[in-house]
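Single-structure report; data block below.
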Amino acid sequence: MASPSPSKNTVTTKTSLPVELLPTDLARIVSQAHPALLLSAYYLRFPALVADPVSTLLNSLLPLATIQIAYAVICLPAVGSTLKPVKKAKPGSKKIPEPSTARGLTVFYALVLSIVSVPVLAAIQVLFGAPVTTHIPHTLLSSTHIALLAIFPLIYVHGSDGEKWREIASVYSPIDEVFGASVGCFLGAWLGAVPIPLDWDREWQKWPVTIVTGAYAGYMVGKLAGGWLWKGKRIEFD
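First residue of the sequence shown: 7, per the working numbering; consecutive thereafter.
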């Protein structure tokens with residue numbers, strides 16, 4: 007097999023790097039606490055989710071959005087911030103704090119595009135077997151949770167970079183905790199559909215309880231794997 011040209015390797019090295027956490031102690035602490043916080047909140051709300059999926063998913067959107075925004079702002083570099091050269095401060099001069107306006111605009115931009123992606127995610131769920139004429143609120147709300155978990159952080163760190171999104175869509179982006187969490191979320195949601203058709207006659211098998219549960223569980227596993235085990239590696243399809 008012919009080896010890739012040196013120029014291609016150079017481009018990949020320059021433009022395709024894993025996302026690094028912000029270099030602060032607070033970012034490291036919050037990044038490690040983030041999965042535990044999400045999982046604990048979901049566990050406490052699980053009985054209510056089984057009893058009333060629509061109401062529980064709707065009431066959980068604001069807490070989930072708050073957690074995701076806090077995680078992004080504290081731990082992740084906003085789109086474009088890693089591309090700007092860091093100027094060394096002169097001896098004796100005061101350090102100028104990073105402006106929060108850009109981060110606020112990036113959060114708003116990422117939230118809007120995440121919400122825009124909800125109908126697309128709902129359509130994908132329908133293609134994979136979600137009810138078409140019934141349970142529409144269930145599907146839309148589960149898609150919104152997936153968008154806040156998987157899409158929002160990706161947009162926050164990558165913006166609308168077409169080349170990067172092509173890499174993400176082809177599942178060839180280098181693994182980091184943002185990309186790993188997103189892959190894990192989608193894979194978990196897909197695997198979460200497995201128990202639904204089984205003849206166990208359990209209340210938690212109804213739509214979309216197992217889908218949302220799989221999405222959250224996959225998000226946690228992917229985030230931890232991307233941040234610790236396989237960071238910088240790529241998913242290879244032989």
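For every residue, glycine included, the Cβ atom is placed at its ideal position computed from N, Cα and C.
Alpha-carbon to alpha-carbon, residue j and residue i
{"i": "glycine 233", "j": "glycine 220", "result": "20 Å"}
{"i": "leucine 50", "j": "alanine 33", "result": "25 Å"}
{"i": "alanine 116", "j": "isoleucine 161", "result": "5 Å"}
{"i": "lysine 229", "j": "phenylalanine 185", "result": "8 Å"}
{"i": "proline 24", "j": "isoleucine 121", "result": "25 Å"}
{"i": "leucine 27", "j": "proline 41", "result": "15 Å"}
{"i": "leucine 55", "j": "histidine 141", "result": "14 Å"}
{"i": "valine 79", "j": "isoleucine 130", "result": "29 Å"}
{"i": "leucine 147", "j": "glutamate 209", "result": "19 Å"}
{"i": "valine 215", "j": "valine 132", "result": "15 Å"}
{"i": "glutamate 242", "j": "tryptophan 236", "result": "12 Å"}
{"i": "valine 113", "j": "serine 22", "result": "23 Å"}
{"i": "alanine 187", "j": "aspartate 207", "result": "31 Å"}
{"i": "valine 36", "j": "tyrosine 48", "result": "18 Å"}
{"i": "alanine 156", "j": "methionine 226", "result": "11 Å"}
Expected contact under 8 Å - CB spacing of residue i and residue j to nearest Å
{"i": "glycine 224", "j": "cysteine 191", "result": "5 Å"}
{"i": "tryptophan 196", "j": "proline 137", "result": "17 Å between Cβ atoms; not a contact."}
{"i": "histidine 144", "j": "leucine 70", "result": "Going by Cβ atoms, the distance from histidine 144 to leucine 70 rounds to 16 Å, so no, they are not a contact pair."}
{"i": "glycine 110", "j": "alanine 199", "result": "That belief does not hold up - the Cβ atoms of glycine 110 and alanine 199 are roughly 37 Å apart, past 8 Å."}
{"i": "tyrosine 222", "j": "leucine 45", "result": "7 Å"}
Nearest residue (CA-CA) to residue i, options the options
{"i": "alanine 128", "options": "Pro214, Phe134, Ser149, Phe114", "result": "Ser149"}
{"i": "leucine 82", "options": "Glu183, Arg208, Met226, Val189", "result": "Glu183"}
Cut-off 6 Å between Cβ atoms - residues of its own chain near residue i, not counting five sequence neighbours on either side
{"i": "glutamine 211", "result": "Pro201, Ile202"}
{"i": "threonine 88", "result": "Residue confidence for threonine 88 is low, a pLDDT of 46 falling below 50, so the modelled location carries little weight; the figure read from the coordinates is stated next. Result list for threonine 88: empty, nothing under 6 Å."}
{"i": "proline 103", "result": "The predicted model places proline 103 with a pLDDT of 45, which falls under 50 and marks its position as unreliable; any figure quoted below should be read in that light. Around proline 103: no qualifying Cβ."}
Cut-off 8 Å between Cβ atoms - residues of its own chain near residue i, not counting five sequence neighbours on either side
{"i": "aspartate 58", "result": "none"}
{"i": "aspartate 167", "result": "Val85"}
{"i": "valine 124", "result": "Leu146, Ser149, Thr150, Ala153"}
{"i": "leucine 204", "result": "Gln211"}
Residue i burial status per 10 Å Cβ neighbour count (16 or more: buried)
{"i": "serine 176", "result": "exposed"}
{"i": "valine 189", "result": "buried"}
{"i": "serine 179", "result": "buried"}
{"i": "glutamine 74", "result": "buried"}
{"i": "threonine 139", "result": "exposed"}
{"i": "lysine 239", "result": "exposed"}
{"i": "phenylalanine 158", "result": "buried"}
{"i": "isoleucine 217", "result": "buried"}
{"i": "leucine 68", "result": "exposed"}
{"i": "glutamate 169", "result": "exposed"}
Nonlocal neighbours in the same chain, by C-beta distance under 7 Å from residue i, ignoring five residues either side
{"i": "alanine 108", "result": "Ala84"}
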